[in-house]
Every structure is written in C-alpha cells, then in structure tokens.
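Colleague: Numbers in the numbering used here are just positions in the sequence shown, counted from 1, shifted up by 19.
Glycine included, each C-beta is placed from N, C-alpha and C at the ideal position.
Predicted, not measured: the structure shown is a model, and the values here were computed from it.
So that we are looking at the same thing, I have put the structure below in structure tokens.
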Amino acid sequence: MIGVDTNVLLYAFNVTSPHNAVAKKTLETLLSQQEDVAFTDIVMFEFIAQATSINRPGPSPTARQAIAQLENWLTSKSAKVIRSKPGDFKTFARLCDESGRSGQNLFDVQVAAICIDNGVTEFVTGDKGFEKFTELRIRNPFAK
C-alpha cells in the first residue's frame with residue numbers, strides 16, 4: 020500500500036502551484052493502478068485546513084470545494100482511508116524516540132505511525148522529514 024502526504028494533495032489541488040502538474044500526474048497515476056493508495060484521516064483534515072487557509076495570497080477555496088476534491092480522489096477503487104488504531108500509540112511513541120521529533124513535527128510522526136501500522140510500505144511526499152522513518156520507503160515526486 021502507498022500513502023500520500025498532504026503536500027502532494029495541496030499541490031495537485033492548487034493550480035497556481037509550480038508543483039501542480041507533477042502532483043496531479045502523480046495522484047492520477049497512483050489512483051489508476053491496482054495497488055491501494057492510503058489517505059490517513061489526519062492528512063485529509065490537514066489538506067482541508069491548509070487548502071482553505073486565509074493566510075495565503077488570493078482567494079481561498081471554500082471547505083466545500085476542498086472536500087469535493089477529496090471526495091473525488093476517494094472515489095477511486097484503489098483509494099483507502101486509514102485511521103489510528105489503539106495499538107498505534109506504541110508505534111507513535113517508538114517513532115518519537117527514534118526520530119527525536121517534538122512540537123508540530125509530531126503530526127508527521129503520527130501520520131507515519133498510522134501508515135506503518137496499516138501496512139503502508141511507501142509514502143509519497145515532498146517533505147524530507149519523513150526520510151527519518153526508515154520503515155517507509157519515501158518517494159519524492161518533486162525531487163530532481
């Protein structure tokens with residue numbers, strides 16, 4: 020199973036992003052293949068929050084627009100929503116210890132733990148911070 024990070028979703032959604040074409044192509048390719056594509060609930064909520072943020076230039080999309088786009092991606096047969104399970108906290112705590120992460124960076128630890136405990140083996144992200152989670156193979160579609 021392949022996991023997808025918030026930044027990939029944001030770039031695919033934001034037509035003014037310089038990464039838009041790469042992110043859209045990456046998502047289209049992933050969602051058209053047989054392998055399951057995992058969206059953690061945290062990534063989904065973060066996508067909606069960031070896509071609708073008023074702290075960016077230009078008019079922000081509405082929550083309904085961001086949700087509609089997310090719902091569209093989730094219509095793919097390969098799209099799966101994964102969530103935290105009670106046992107995931109042990110993985111989260113271990114990853115915190117191993118990575119030394121704290122503060123806002125704990126959200127990445129939480130996403131990584133959910134992915135690992137749900138069988139995700141590859142994670143697609145432009146965030147280099149995920150490289151510390153060696154149980155996930157990281158694919159950065161934006162790296163040159």
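Less than 8 Å between the CB atoms is what I'm expecting for Asp107 and Asp146, so what's the real figure, rounded?
Modeller: Locating residue 107 in the sequence shown gives position 88, where the first residue counts as 1. Locating residue 146 in the sequence shown gives position 127, where the first residue counts as 1. Not a contact, Cβ separation roughly 20 Å.
Colleague: Check this for me: beta carbons of Asn39 and Asn33, under 8 Å apart or not?
Modeller: Counting from one through the sequence shown, the residue named residue 39 turns up at place 20. Counting from one through the sequence shown, the residue named residue 33 turns up at place 14. Result yes, Cβ atoms of Asn39 and Asn33 sit closer than 8 Å.
Colleague: When we look at the beta-carbon of Gly77 and count the other beta-carbons within 10 Å, is it buried (16 or more) or exposed?
Modeller: Position 58 of the sequence shown, counting from 1, holds the residue named residue 77. By the 10 Å Cβ count, Gly77 comes out exposed.
Colleague: If you draw a straight line from the C-alpha of Cys115 to the C-alpha of Ser103, how long is it?
Modeller: On the sequence shown, position 96 is the one that residue 115 refers to. On the sequence shown, position 84 is the one that residue 103 refers to. C-alpha separation (whole angstroms): 16 Å.
Colleague: Could you give the distance in angstroms between the alpha-carbon of Asn159 and the alpha-carbon of Thr81?
Modeller: Looking up residue 159 in the sequence shown gives position 140. Looking up residue 81 in the sequence shown gives position 62. Taking the straight line joining both Cα atoms gives about 28 Å.
Colleague: Taking all protein chains shown into account, do 16 or more other C-beta atoms lie within 10 angstroms of the C-beta of Asp127, making it buried, or fewer, making it exposed?
Modeller: In the sequence shown, the residue the question calls residue 127 occupies position 108. Its Cβ being crowded by 16 or more others within 10 Å, Asp127 is buried.
Colleague: Taking the DSSP output, what are the residues bridged to Gly148?
Modeller: In the sequence shown, the residue the question calls residue 148 occupies position 129. In the DSSP output, where bridge partners are listed per residue, Gly148 has none listed.
Colleague: Cβ of Ala58 within 8 Å of Cβ of Leu29?
Modeller: Translated into the one-based positions of the sequence shown, residue 58 becomes position 39. Translated into the one-based positions of the sequence shown, residue 29 becomes position 10. The question names Ala, yet the displayed sequence has Phe at residue 58. Result no, Cβ atoms of Phe58 and Leu29 do not sit closer than 8 Å.
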